[in-house]
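Numbered continuously in this note's numbering, the sequence shown closes out at residue 217.
Glycine included, every Cβ here is placed at the ideal spot set by N, Cα and C.
As the structure is a computational prediction, the values presented were derived from the model and not from experiment.
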Amino acid sequence: MHNLMAITRGFDYCTPIHRLMCRTNHDENEVQHESHVRVTLIGSGNARTLHAFNKTWTMQLVSLEWNTTDDEMVELDLKVEQINRTSFAFSGTVDVRFEISENTMGECKIYYSASGNLDSYRMLPYGGSGKIFDIIDSYYHQACKSFAKCSNFPLIKTKARDYKYRQLYTFDKCTFSNDAAPNYLPDGYYKVVTQLTGETYWSIATLFEVEPILKK
Numbered sequence: 002m003h004n005l006m007a008i009t010r011g012f013d014y015c016t017p018i019h020r021l022m023c024r025t026n027h028d029e030n031e032v033q034h035e036s037h038v039r040v041t042l043i044g045s046g047n048a049r050t051l052h053a054f055n056k057t058w059t060m061q062l063v064s065l066e067w068n069t070t071d072d073e074m075v076e077l078d079l080k081v082e083q084i085n086r087t088s089f090a091f092s093g094t095v096d097v098r099f100e101i102s103e104n105t106m107g108e109c110k111i112y113y114s115a116s117g118n119l120d121s122y123r124m125l126p127y128g129g130s131g132k133i134f135d136i137i138d139s140y141y142h143q144a145c146k147s148f149a150k151c152s153n154f155p156l157i158k159t160k161a162r163d164y165k166y167r168q169l170y171t172f173d174k175c176t177f178s179n180d181a182a183p184n185y186l187p188d189g190y191y192k193v194v195t196q197l198t199g200e201t202y203w204s205i206a207t208l209f210e211v212e213p214i215l216k217k
C-alpha cells in the first residue's frame, strides 16, 4: 500500500482524470463492460461516446511529484495533506515566472497499474498534446473548475489567449473533481502526467488510487 502522505521531487514519468477510460485492448474500437457501461472509441482524437449510470468507484489523491529544468522560470512547492478521516487534498504554490505563448506546448500521458508497483505501470491509449492555450480552452471547465474556490488560478470566461499567466499561483486544500470521468474504472492506481515545453520544460505527475464503491 502506498504511503498516502508521500511526496517526492524529480519524477519525470507520467493531470486530467477526465481522460481516463476503462481498460482496453489497443486494437479494439469498442469495449463492453458490466455495470451498464458502453465505451465507443472512434480512432485517435475523435469523439468518444459513453453511456452509463452511477459511478462504481471512488478516487483518492495519493501524491504529487514534479520536475523542472529551470527553477528561475518555474518553481513548484506542492504537498498532499489529509483534510479529514478519509480524504486528501493538495496545497502549495506554482510560481510561473514567464508568460506563456504560442510556443508553449502541453502533453498529457496516463499510466495504470493494478498493484501500484513502480515497474508495473503501463501507458493507456488516452491523453493528448497541443498548444497550451488550446488545451486550456478544451479542458478548463472539466479539469480546473474545481480549483476556483481554493486557488487564484484565472477564472477563464472567454478564451485562454485573452489572459496572462505569469504569476504566483497558490493552492489551499484543492481537490480534483471526477464529474467528467467515466462511470466505470478498474481498481488500481492511475498516474496522470502533464508536461509543458517551449520556454522551459516542467512536468507534474498526479497519482490517484481508484477503489470500488462497496454496495450495502
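Using DSSP with H/G/I as helix, E/B as strand and the rest coil, what is residue i?
i: ARG98; result: coil
i: SER147; result: helix
i: PHE209; result: strand
i: ALA90; result: strand
i: SER139; result: helix
i: PHE134; result: helix
i: ARG123; result: strand
i: ASP188; result: coil
i: ASP163; result: helix
i: LEU156; result: coil
i: SER178; result: coil
i: ASN118; result: coil
Would you mind sorting residue i into buried or exposed? The rule is 16 or more other CB atoms within 10 Å of its CB.
i: PRO183; result: buried
i: ILE84; result: exposed
i: MET22; result: Confidence is the limiting factor: at MET22 the pLDDT is only 34, short of 50, which leaves the residue's position unreliable, though a coordinate-based value still follows. Classification of MET22: buried, given that the 10 Å Cβ count is 16 or more.
i: SER204; result: buried
i: THR159; result: exposed
Which same chain residues, not among the five before or five after residue i, have their C-beta less than 6 Å away from its C-beta?
i: LYS56; result: ASN184
i: PRO155; result: TYR164
i: ALA115; result: GLY189
i: TYR112; result: CYS15, TYR122, MET124 and LYS192
i: GLU200; result: PHE99
In whole angstroms, what separates the C-alpha of residue i from that of residue j?
i: TYR170; j: SER152; result: 7 Å
i: PHE134; j: ARG162; result: 6 Å
i: SER147; j: CYS175; result: 8 Å
i: THR69; j: LEU79; result: 13 Å
i: CYS109; j: ARG86; result: 31 Å
i: VAL95; j: LEU186; result: 30 Å
i: VAL63; j: GLU210; result: 7 Å
i: GLU82; j: GLY117; result: 20 Å
Using 9 Å as the threshold, is the C-beta distance between residue i and residue j below it?
i: VAL97; j: TYR166; result: yes
i: PHE177; j: THR207; result: yes
i: PHE91; j: GLN61; result: no
i: ALA181; j: ALA149; result: no
Under 8 Å Cβ to Cβ from residue i, same chain only, skipping five residues before and after it: list those, please.
i: GLY46; result: Summary for GLY46: the model assigns pLDDT 40, below 50, so the residue's position carries little reliability, and this model does not support an answer.
i: ILE214; result: LYS56, THR57, TRP58 and THR59
Please check if any C-beta of chain B sits within less than 9 Å of the C-beta of residue i.
i: GLN143; result: Protein chains in the displayed structure number just one, and chain B is not present.
In chain order, what residues of the same chain have a beta carbon less than 7 Å from the beta carbon of residue i, not counting five sequence neighbours either side?
i: GLU73; result: ARG98
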